[in-house]
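Below is one structure; the comments refer to it alone.
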Amino acid sequence: MSEKKGKKWKIIIPGIVLAIALIVAAVFHVTEITVEGNTFFSEEVVAGEVCNTFLDHNVVTSWIKRKLGFCPTLPYVREYQITYPGIRKIHIKLYEKKIIAGISYMNQFIYFDKDGTVLKSTQEKMEGIPLFETKTMTTFSLYEKVQMEDEALLSRIMNLSGLFQHYGVTWDRVVFDSENAAFLYSGDIKVNLGKKDNYDEAIAALSDILKTAKEQKLAGEIDMSSYHAGGDVILKKN
Numbered sequence: 126m127s128e129k130k131g132k133k134w135k136i137i138i139p140g141i142v143l144a145i146a147l148i149v150a151a152v153f154h155v156t157e158i159t160v161e162g163n164t165f166f167s168e169e170v171v172a173g174e175v176c177n178t179f180l181d182h183n184v185v186t187s188w189i190k191r192k193l194g195f196c197p198t199l200p201y202v203r204e205y206q207i208t209y210p211g212i213r214k215i216h217i218k219l220y221e222k223k224i225i226a227g228i229s230y231m232n233q234f235i236y237f238d239k240d241g242t243v244l245k246s247t248q249e250k251m252e253g254i255p256l257f258e259t260k261t262m263t264t265f266s267l268y269e270k271v272q273m274e275d276e277a278l279l280s281r282i283m284n285l286s287g288l289f290q291h292y293g294v295t296w297d298r299v300v301f302d303s304e305n306a307a308f309l310y311s312g313d314i315k316v317n318l319g320k321k322d323n324y325d326e327a328i329a330a331l332s333d334i335l336k337t338a339k340e341q342k343l344a345g346e347i348d349m350s351s352y353h354a355g356g357d358v359i360l361k362k363n
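Quick note, the sequence shown lines up with residues 126 to 363 if you use the working numbering.
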C-alpha cells in the first residue's frame, strides 16, 4: 500500500510543479518594456540589451535573475535600475555616463566622458558639446579610452576637460597649434593658455572672468601663457 502511495506522489509532485511553472509562464509573461533616461540608443535597443534571454521576458524569472546578480553590463551607463510596475511590465531606468567634451580629428568627432572613455563617434558635430581641435593622430574604440600619438597632449586634454567641468567654465572649443599650445574660445573671448603640464591655476583664475565677460557681452583676448597663481589677468578688448 505504501509503495502505491509513493508511486502516486512521484507522479503528482512533478505534475504540480509543471502546472505552477505553466501558470507563472502564462500569467507573468512580459508584454511591455519601457525605458527611461536613454539618449545614446533607442528604447528598443536598450530593452534588447537588458532583456537578452527568455528568462528576462517573465517578471518572476527576471526578478530572480536580478536578485542573483545576473545583470548584463551596459558600457555607456553608470548604472541602471529595473522595476516591475505590473505583472506583465518591466521598466528600465538608465543613468548614462555623461559626455563632457569631444575631440575633432580628421573630420571625425570623438566624444568622451570624464575618464576619457569614448561614448560616441560621429561625422556630425553634436550641438552644445565643446571640442578640442588637434592634428595629432588620434585612435579610439567605442567604450574604451581614447588614444593619442602624443600622450602628453592627451593628458593636457583630460586635465583641461576636468577643470572646465569642475569650475563650471563655459567654452566652445580649444585649438592646439603646431607646438601644441592651447587656445581657448568662449563666446567672443580668445584665451592663450600656452603649453603646460597642467592648467589648474590658470583655469581657477579664468572661470569668474569668463562668466563676467559673458554677462557683459565683452569681446577680446587674454594671454595666460605665462600665468602664475596670484598674477593679473588682463582682457584686451577688441
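The beta-carbon is built from N, C-alpha and C at its ideal position, and this holds for glycine as well.
query: Backbone secondary structure at Asp-348 - three-state DSSP; result: strand
query: Length of the line joining the Cα atoms of Val-184 and Lys-239; result: 36 Å
query: Proximity to Ile-359 [Cα-Cα], best of Lys-342, Lys-339, Ile-334; result: Ile-334
query: Unbroken beta strand (DSSP E) run spanning Val-243, endpoints; result: 243–247
query: Local conformation of Lys-342 per DSSP, three classes; result: coil
query: Per-residue DSSP class, three states only, for Glu-269; result: coil
query: Tyr-292 in three-state terms, based on DSSP; result: helix
query: N- and C-terminal bounds of the beta strand (DSSP E) containing Thr-208; result: 202–211
query: With 16 other Cβ atoms within 10 Å as the buried cut-off, status of Met-126; result: Because Met-126 sits at a pLDDT of 48, beneath the cut-off of 50, its placement in the model cannot be relied upon, and the following sentence gives the value as read from the coordinates. Met-126 is exposed by the Cβ-count criterion.
query: Chain B within 8 Å of Thr-178, Cβ atoms only; result: As a matter of chain content, chain B is missing from the structure shown, which is built from one protein chain.
query: Beta-carbon contacts of Thr-264 that lie in its chain and below 7 Å, excluding the five residues immediately before and after; result: Gln-272
query: Other residues of its chain near Met-349: CB distance less than 8 Å, five sequence neighbours each side excluded; result: Val-316, Asn-317, Leu-318, Gly-319, Ala-327, Ala-330, Leu-331, Val-358
query: Nearest residue (CA-CA) to Lys-361, options Ser-351, Gly-355, Gly-345, Ala-354; result: Gly-345
query: Exposure label - Cys-196; buried when at least 16 CB within 10 Å; result: exposed
query: Cβ-Cβ distance between Ile-158 and Ala-172 below 8 Å; result: yes
query: DSSP bridge partner residues for Ile-228 (one or two, in chain order); result: Ile-235, Phe-257
query: Selection from Cys-176, Pro-200, Ile-225 that minimises the alpha carbon distance to His-291; result: Ile-225
query: Contact under 8 Å by Cβ, Val-305 with Asp-275; result: Inspection of the sequence shows that residue 305 is occupied by Asn rather than by Val. Against a cut-off of 8 Å, the Cβ pair of Asp-275 and Asn-305 comes out as a contact.
query: Of the residues His-182, Ile-314, Asp-322, Val-160, the one placed nearest Lys-339, counting alpha carbons only; result: Ile-314
query: Bridge-paired residues (DSSP) for Leu-180; result: Looking at the DSSP assignment, Leu-180 forms no beta bridge with any residue, so it has no partner.
query: Integer-rounded CB distance, given that Ser-280 should sit under 8 Å from Thr-295; result: Not quite, the Cβ-Cβ distance comes to about 23 Å (not below 8 Å), so this is no contact.
query: For Lys-250, three-class secondary structure by DSSP; result: coil
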